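Each residue of the sequence shown is one higher than the one before, counting from 1 in UniProt numbering.
Glycine is no exception: its CB is placed at the ideal position from the N, C-alpha and C atoms.
Just so we're clear, the structure is a prediction, and the values are computed from it rather than from any experiment.
What follows is a short report on a single structure.
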Amino acid sequence: MAVLRKRKSSAKEIAVKNENSEVTKSKYFKERVKVKKEREVDISHDRDYVDINWVKSLDSENYFKWIVSRNGNVPNRWSQPFDDTIFTDLDEESFKLLPKNFPEIYKKMRWMRSFIRAPVDLIGGSSIPMTVGEMCGIKKSEILPRNYRLQVLVGVMLSAQTKDEVTAMGMYNIMKYCIEELKDAQGITLDALLRIDEQVLDELIHSVGFHKRKANFIKRTAAILNEKYDQDVPDNVTDILGLPGVGPKMGYLTLQKAWGKIEGICVDVHVDRLCKMWKWVDPDKCKTPNDTRKQLQKWLPPRLWTEINGLLVGFGQVIGKSRGANFDIFRVNIDESKQRQLTEKTFTTLSNLNESIRSNITSYSKWMGFLMKLDLKKLENDMKEELDVSIVEGEQNSMELKKEPHSSIDNKLDVGVKLEESCAINVDTSLKSEILIKKEPDTSLFV
């Protein structure tokens, strides 16, 4: 007589938690890769505290003075000597995580950034309200702080997946429409955004990436601000990230530029790529810019949280490449006793930032050549502190731009953007400084 045996159950994975809450697996079971969630460090330091009610009580003059000092947007910012004592802000655990190459690279980056004029300096998300307002006849002293905060938020929302020069034109279109059609002397205000038709808004920003979705996000955000936040921009990261279309980078940048609150590092594609290229973060663990932000916040000195975005974004926009360490930062020799001075002031107006700028912004040589042709003095007195740039004054030295094949300056107003161009620059100065950029064919620039 046949004996029926009970069928054995299929093998199951058994996970046993040890004292350190780690998962131990049997070697006989199929391995399943589990990514351990990185711990996000919440660093609190004295300069994080901001009295929101006090900020709201400030008039335009005192508000802008305070926000400038809070964000460190001072003249000659990048040419200031690097303060090595910032590393004393780190606790023992953070200091152990500090990459060995970070101090050397970072100091050289700041030195180079002192004579690089990038799009983000003039028309970055937080600089747009000043630049656009000036073009529309609105003086800095006339901009109400509440409206400035809203304009920063709108500019940052438009900037996602969009070049700064395109974002600036979108903001300019909205501002002009609000002034001329809606008769709002302040331009972009909450009342104007509530009144503007979503389809009209979409048409005004049609050149911006994902313009249809962003028009919807802005309209929904305006309604939320009106109903829940006393017609102002939220002053904490939780609420601001709850707005439609606002991600971590946009949220932290808005808090920093609008409220002076430094609650996190602003990490976009430029910061993300350069940090991975120099191994400041683990590329295998940092799949997104937000992952990079979390790793940076574990060891980056808090006093650098406000400036690292402007530093790396500006560098990536005009020099950095998306693939490969084509720029050898270690071959840059620095003479810290002197600072090279440029032949031009680095301010321009939106009247020049239309179609012509798009054909001059994809390489360092073309961007510098474009700046040299402009009248760059108009906004200097009113805007030099607000824009995240260094202003160099005194005796001026000459600069020679070496033209390489396919990277010459095009005088035609061609709206086409050529990403395949790279360049080499030869700086004619009395300093014993050298900038070497390796020319690699078929390598796209950061955009």
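Going by DSSP, what residue range makes up the alpha helix (DSSP H) through residue i?
| i | result |
| --- | --- |
| Ile67 | 60-71 |
| Glu263 | Per DSSP, Glu263 belongs to no alpha helix (DSSP H) and is neither H nor E. |
| Trp54 | 52-57 |
| Asn173 | 164-180 |
| Trp111 | 102-113 |
| Phe210 | Counting along the chain, Phe210 falls outside any alpha helix (DSSP H), and DSSP gives it neither H nor E. |
| Tyr148 | 145-159 |
| Ile128 | 128-135 |
| Ile308 | 308-318 |
| Glu93 | 92-97 |
| Lys249 | 248-254 |
| Leu304 | Segment: none, Leu304 is in no alpha helix (DSSP H) and carries neither H nor E. |
| Arg195 | 190-195 |
| Ile123 | 119-123 |
| Leu296 | 289-296 |
| Thr238 | 237-241 |
| Gln199 | 198-204 |
Are the CB atoms of residue i and residue j nearer to each other than 8 Å?
| i | j | result |
| --- | --- | --- |
| Leu158 | Thr254 | no |
| Val267 | Leu296 | yes |
| Met171 | Gly155 | yes |
| Ser141 | Ser69 | no |
| Ala192 | Leu201 | no |
| Thr292 | Val281 | yes |
| Lys298 | Leu150 | no |
| Trp78 | Ser114 | yes |
| Lys219 | Glu198 | yes |
| Val50 | Lys261 | yes |
Judging by CA-CA distance, which residue of the options is the nearest neighbour of residue i?
| i | options | result |
| --- | --- | --- |
| Asp232 | Met175, Gly124, Trp259 | Trp259 |
| Pro103 | Lys214, Val313, Pro301 | Pro301 |
| Thr85 | Met171, Arg77, Gly264, Phe95 | Phe95 |
| Ile138 | Ser114, Ile179, Tyr106 | Ile179 |
| Asn290 | Trp280, Glu263, Gly247, Gln151 | Gly247 |
| His211 | Asp230, Leu182, Lys163 | Lys163 |
| Pro81 | Trp111, Leu97, Phe64 | Trp111 |
| Ile105 | Lys298, Lys279, Pro283 | Lys279 |
| Ser57 | Gly251, Pro145, Ser79, Gly209 | Pro145 |
| Cys136 | Tyr177, Asn147, Thr221, Asn53 | Tyr177 |
| Val313 | Pro283, Met109, Gly264, Asn62 | Met109 |
| Lys217 | Asp230, Gln256, Leu194 | The sequence given here places Phe at residue 217; Lys does not occur at that position. Among Asp230, Gln256, Leu194, the Cα nearest to that of Phe217 is on Leu194. |
| Ile67 | Lys249, Gln256, Tyr252, Asn147 | Gln256 |
| Asp230 | Phe64, Glu181, Lys107, Asn147 | Asn147 |
| Asp121 | Lys65, Arg213, Glu165, Tyr63 | Glu165 |
| Asp83 | Lys107, Tyr63, Phe64, Asn62 | Lys107 |
| Ile52 | Pro283, Pro234, Lys294 | Pro234 |
Within 8 Å of any Cβ in chain D, is that where the Cβ of residue i sits?
| i | result |
| --- | --- |
| Pro283 | Of the protein chains in this structure there is only one, and it is not chain D. |
If residue i sits next to residue j, beta carbons under 8 Å apart, how far is it from one beta carbon to the other, in whole angstroms?
| i | j | result |
| --- | --- | --- |
| Ala168 | Ile123 | 4 Å |
| Pro99 | Gln317 | So it is not a contact: roughly 23 Å between Cβ atoms. |
| Ile116 | Phe315 | 7 Å |
Contact the stretch 216-227 vs the stretch 266-275: 3+ CB pairs below 8 Å: no
Touching by the beta-carbon criterion (3+ pairs, under 8 Å), the stretch 264-271 and the stretch 302-316: yes
Any 3 or more C-beta pairs closer than 8 Å across the stretch 66-75 and the stretch 238-245: no
Given 8 Å, three or more beta-carbon pairs between the stretch 183-191 and the stretch 123-143: In this structure the stretch 183-191 touches the stretch 123-143; the number of beta carbon pairs closer than 8 Å is three or more.
Meets three-Cβ-pair contact criterion under 8 Å: the stretch 242-251 and the stretch 199-206: no
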